[in-house]
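Residue numbers (the working numbering), protein chains in the order written: chain A, 3 to 325; chain B, 19 to 489.
Okay, here's the thing in structure tokens:
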């Protein structure tokens, strides 16, 4: 047989086949094996069986078609956490990095939003807590029962979402899914040691510079919308059973901001506010937001919706954080 | 390679008599492709509506995340793939001047694929997904019959080509059979588990996602076009040598660009850079193909205007060039910052799979089928299909490209995330309007396929055929 691709089909198709196979080994299989050798990020914990179960629910429902789980080293990704490192994914098969962000990135959602009650309501129907949301509701992850039974975890679904005369109870599937959400925490990383531009939340020069560049009021509104509005709502009025109203709230309007700052840094639970008990809890933001962001969001609360309390400075936040 | 330029340019004369058994086989393929087209795009429309009305049909097996997988996989593996193969079942034997090696194998392959697409839709609706890995969401037990069908095609085409009665392998057959071979490799690498743990799987996902388009649909449909365009225009392809250049550069450049779906991800930086560099290299085969086709068409606009298949091919060729070039631009880091994760990329996918691949497939079908069955569709109905599909696509692309840009700019401006959701609302609505037009056009297409059905084509004409081939 001649060495002529035009006439020798054996030669032509073997060249095409082996050529592509070799290229595939070089560009895909080899690098894949190399990527698998990445050591875990220090502090990365493997998922528990329950969390892994939740991850399976995540795959079953196709959450990754709207949510990424990778933070890029770009300024616009700062609200989602620090830039993802290869070692963050060591226990994560199937990979769920995602290619769409119709919803926010979830790589660090366990730090940003750990509250179980909020997640349960959000999965029952996202529009309960975020009226503009386009995320699907997942009612099949819940039982609707006539009455509560021992051991049931009842979800405090408000009107008009609550099925009349019934109680909404969480299934194991949704509890696993929430456990998975809570487990999505980026371990702290010494980015400087890795030679990357540092962008971790607390006190990071990059984040700090970015914040000072932005108008503080705009920053405060943005941080509030991304972190607080899902519970306290855009109008500050809160949601019955989820989070108190911040309008005219004594802590928010107090002249001494120490308590306000401390609650945002450390979170809060079990306090009666305005005669109401809240089954959920206020998450801690110390590891999620920079001092500048905390100052900005506190000032946003102190000056919005008719509130008019003295402002705080980044130094105030730093002082309380240091205590 | 020396004799390349004087090769079968003019050898594409029509065979006046057809093979009735082949006509029936091709028609069967096209009927099923049409069924899956309608099902797959109805699902797509529903997915799109759900972004405007999220509480519409809130049932488990109709939820967004599950339906989206059914939509993409059905149109990929249920509509476009068998439709391309249907056309190849004609092109490969015809350009080889041989009879198709085995009708039985081709039929088995069709039913294997039909089974996979149907079972895939059911399993995905039930929540069984191969880890949400785009375009390979069918669980592995379904990958086996799919791959078997693919291997049957490889074998069938190879035997047909090996038994050819002319010395040269026509360029279409380079592309078509190579595409099947490449996809066999791709599918195997995509489904074997050993290199697919944690970030390793991300590397393979970029490779698979890109190569599914780049090494299956693109070369296959380009190969078909190398036959149909000169045949319908009744003139030789502008440059045979460009086709050969396109073939080899396709193999080398396309293969290396999968990671451009993970720019700025934790996947190794050198892989990302390689992908970007070869995304530029990709322009060589793209414009070798597009340019070749456009130059073949030039001066024949009158013929094109009077044909009902050629306008589809013109649109397909233009989208081939535009969508691929758009892909190259999207891979640049600077553009990626703006468009990655946004709906812009969804628009790009539709430009490629619909504007490019589906339009070329339709052009082939409208050109070929009437010649086989001697039954013409109504010109009016073909026109409705063409204009609804094109208009729908343009509306969708406009909505997703502008909307995706708005989304990206909103993130860069560090506005609250929910702003980007609110701002998308009108664009999602327009996308559904475009989708509605597209789906409507598919019903018209189904009607046209029915109009072109083989009536009075003898069931068994093997004897006649043998006589013809010998003649």
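Note that CB positions come from ideal geometry on N, CA and C, so glycine has one too. As the structure is a computational prediction, the values presented were derived from the model and not from experiment.
Original post:
Beta carbon of residue 334 of chain B, beta carbon of residue 404 of chain B: below 8 Å?
Top reply: no
Subject >> Reduced DSSP secondary structure (H/G/I, E/B, other) of residue 436 of chain B >> reply: helix
Original post:
Is any beta-carbon of chain A found at less than 8 Å from that of residue 289 of chain B?
Top reply: yes
Original post:
Along chain A, which residues have their Cβ under 7 Å away from the Cβ of residue 179 of chain B?
Top reply: 11
Original post:
In chain order, what residues of the same chain lie with their CB nearer than 6 Å to the CB of residue 114 of chain B, ignoring the 5 residues before and after it?
Top reply: 178, 179 and 182
Original post:
With C-beta atoms as the reference, is residue 142 of chain B less than 8 Å away from residue 446 of chain B?
Top reply: no
**OP:** Grab me the residues of residue 1 of chain B's own chain with a C-beta within less than 6 Å of its C-beta, minus the 5 sequence neighbours each way, in chain order.
**Re:** The question about residue 1 of chain B has no answer, for chain B in this structure spans 19 to 489.
Subject >> Proximal residues to residue 158 of chain A (C-beta, below 6 Å), its chain only, five neighbours per side dropped >> reply: 243
**OP:** Whole angstroms is fine: what's the gap from residue 201 of chain B's alpha carbon to residue 102 of chain B's?
**Re:** 14 Å
Original post:
Could you give the residue range of the beta strand (DSSP E) that holds residue 88 of chain A?
Top reply: It is not in any beta strand (DSSP E) - residue 88 of chain A carries neither H nor E in the DSSP assignment.
**OP:** Pick helix, strand or coil for residue 46 of chain A, following the three-state DSSP scheme.
**Re:** coil
Original post:
Taking the beta strand (DSSP E) that residue 170 of chain A falls in, what are its first and last residues?
Top reply: 169–172
Original post:
Using the C-alpha atoms, what's the distance from residue 384 of chain B back to residue 233 of chain A?
Top reply: 57 Å
Original post:
Between the C-alpha atoms of residue 340 of chain B and residue 309 of chain B, what's the straight-line distance to the nearest angstrom?
Top reply: 12 Å
Original post:
By the 10 Å Cβ neighbour count, where 16 or more other Cβ atoms means buried, how is residue 279 of chain A classified, buried or exposed?
Top reply: exposed
**OP:** Report the option in B:197, B:165, B:67 and B:109 whose CA atom is closest to the CA atom of residue 44 of chain B.
**Re:** B:109
Original post:
Can you tell me the Cα-Cα spacing of residue 289 of chain A and residue 63 of chain B, whole angstroms?
Top reply: 42 Å
**OP:** Work out the CA separation of residue 99 of chain B and residue 389 of chain B for me, nearest whole Å.
**Re:** 22 Å
Original post:
So, are the CB atoms of residue 365 of chain B and residue 414 of chain B less than 8 Å apart?
Top reply: yes
**OP:** Run down chain A in chain order and give the residues with a C-beta less than 8 Å from the C-beta of residue 216 of chain B.
**Re:** 37, 38, 40, 91, 92, 93, 94, 95 and 97
**OP:** With 9 Å as the limit, tell me which residues of the stretch 115–131 of chain A have their beta carbon closer than that to any beta carbon of chain B; keep them in chain order.
**Re:** 127, 128 and 129
**OP:** Just the C-alpha distance for residue 269 of chain B and residue 152 of chain B, rounded to the nearest angstrom, thanks.
**Re:** 22 Å
Original post:
Taking Cβ positions, are residue 195 of chain B and residue 40 of chain A nearer each other than 8 Å?
Top reply: no
Original post:
Considering only the beta carbon of each residue, do residue 264 of chain A and residue 117 of chain A sit closer than 8 Å?
Top reply: no
Original post:
Roughly how many whole angstroms lie between the Cα atoms of residue 294 of chain A and residue 363 of chain B?
Top reply: 34 Å
**OP:** Could you tell me which chain B residues have their CB closer than 7 Å to the CB of residue 305 of chain A, listed as they occur along the chain?
**Re:** Going along chain B, no residue has its Cβ under 7 Å from residue 305 of chain A, so there is no contact; the nearest lies around 17 Å.
**OP:** Leaving out five residues on either side along the sequence, give the residues of the same chain with a beta carbon under 7 Å from the beta carbon of residue 457 of chain B.
**Re:** 59, 60 and 63
Original post:
Quick one, which of A:274, A:127, A:56 and A:191 has its alpha-carbon nearest residue 44 of chain A's?
Top reply: A:191
**OP:** Answer yes or no: do residue 83 of chain B and residue 67 of chain A have a C-beta to C-beta separation smaller than 8 Å?
**Re:** yes
**OP:** Report the residue ranges of all beta strand (DSSP E) runs contained in full by the stretch 265–295 of chain A; include only those spanning at least 3 residues, in chain order.
**Re:** none
Original post:
Should residue 46 of chain B be labelled buried (16 or more other beta-carbon atoms within 10 Å of its own) or exposed?
Top reply: buried
Subject >> Sheet register partners of residue 265 of chain B (DSSP bridge) >> reply: According to DSSP, which records beta bridges pairwise, residue 265 of chain B is partnered with nothing at all.
Original post:
When the cut-off is 8 Å and only beta carbons count, does residue 435 of chain B lie next to chain A?
Top reply: yes
**OP:** With a 10 Å radius around its C-beta and 16 neighbouring C-beta atoms as the bar for buried, classify residue 212 of chain B as buried or exposed.
**Re:** exposed
Original post:
Taking the C-alpha atoms as reference points, what is the distance between residue 8 of chain A and residue 296 of chain B?
Top reply: 27 Å
**OP:** Could you check how far apart the C-beta atoms of residue 296 of chain A and residue 287 of chain A are, in whole angstroms? I think they sit under 8 Å.
**Re:** 7 Å
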